[in-house]
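Novice: Per the numbering used here, the sequence shown starts with residue 1025, numbered consecutively. Positions of the beta carbon are idealized from the N, C-alpha and C atoms, including for glycine. Every value quoted in this text rests on a predicted model; they were computed, and no experiment measured them.
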Amino acid sequence: MMISKKILRQQALENLKRVTTSQRVELLTQLPKMVTQLVQWKTSQVVAVSMATTFEIPTSLLIQIAFQQQKTVVVPKVKTKTVMEFVVVTPETIYEKSTFGILEPITGQIVPPNIIDLFVVPGLFFSADGHRIGFGGGYYDRYLRQSKGYRVGMTIANNWQPIPTWNVEEMDQPMDKVIKLTIE
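Written out as structure tokens, the structure reads:
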């Protein structure tokens, strides 16, 4: 049975909001362990990592590790209602909250999509073939169409099993790999 993306999104957001602070700390350490083991991470020079909101999978430790490994780190910044850019950040970057409540760099060099080697993309649900349900803006789908970078989707395991089915739209961009993080 097909379920609408809207209903799946609502269910997943409710699940995310129930994750405790101690469970978030657990996720904070799981993500880097899993991502940094990937060959694509090891060979990448420019990595795109999302800035997590208070209820998403924390990405700050992964970003710190990327800096330590001398990688160029880029994070998303919403330009318009339909356009997202990726901006180079450093440990000294100053951020401000966007209208979506996401930290974005105040300034920074915008990079073209074709130079990003690896994307770490948040998702609420992922299909068996890597298609994702995100937060509903379509920003990543539009951006990823322009890039050949390796795509790593990340989600919490209880948002992944059982795998729901939904109508995949033409603009939906699949991930190359999905990382399922687990919480106790």
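I need the boundaries of the alpha helix (DSSP H) containing leucine 1142, first residue and last residue.
Specialist: Where leucine 1142 is concerned, there is no enclosing alpha helix (DSSP H), although the beta strand (DSSP E) it sits in stretches over 1142–1146.
Novice: Which class does valine 1043 belong to by DSSP, given the choice of helix, strand or coil?
Specialist: If DSSP states are grouped into helix, strand and coil, valine 1043 belongs with coil.
Novice: Please work out which residues of its chain come closer than 8 Å, Cβ to Cβ, to leucine 1148, disregarding the five sequence neighbours upstream and downstream, and give them in chain order.
Specialist: These residues qualify, in order along the chain: Leu1032, Arg1033, Ala1036, Leu1037, Leu1040, Arg1156, Ile1157, Gly1158, Phe1159, Thr1179, Asn1183.
Novice: Name the DSSP beta bridge partners of glycine 1173, please?
Specialist: Beta-bridge pairing links glycine 1173 to no other residue.
Novice: Please classify serine 1074: is it buried, with 16 or more other beta-carbons within 10 angstroms of its beta-carbon, or exposed?
Specialist: Buried, since its Cβ has 16 or more Cβ neighbours within 10 Å.
Novice: Less than 8 Å between the beta carbons of aspartate 1153 and tyrosine 1174, yes or no?
Specialist: It is not a contact, given that the beta carbons lie outside the stated cut-off.
Novice: Starting from the Cα of methionine 1108, find the closest Cα among Val1043, Tyr1167, Gln1088, Gly1132 and give me that residue.
Specialist: Selected option, being the one with the closest Cα: Tyr1167.
Novice: Let's test the definition: count the other Cβ atoms within 10 Å of the Cβ of proline 1063 and tell me whether it reaches 16, buried, or not, exposed.
Specialist: According to the sequence as given, residue 1063 is valine; it is not proline. Valine 1063 should be labelled exposed.
Novice: For valine 1095, which three-state DSSP category applies?
Specialist: Looking at the sequence itself, residue 1095 is lysine, so the reference to valine does not match. Residue state, collapsed to three classes: coil.
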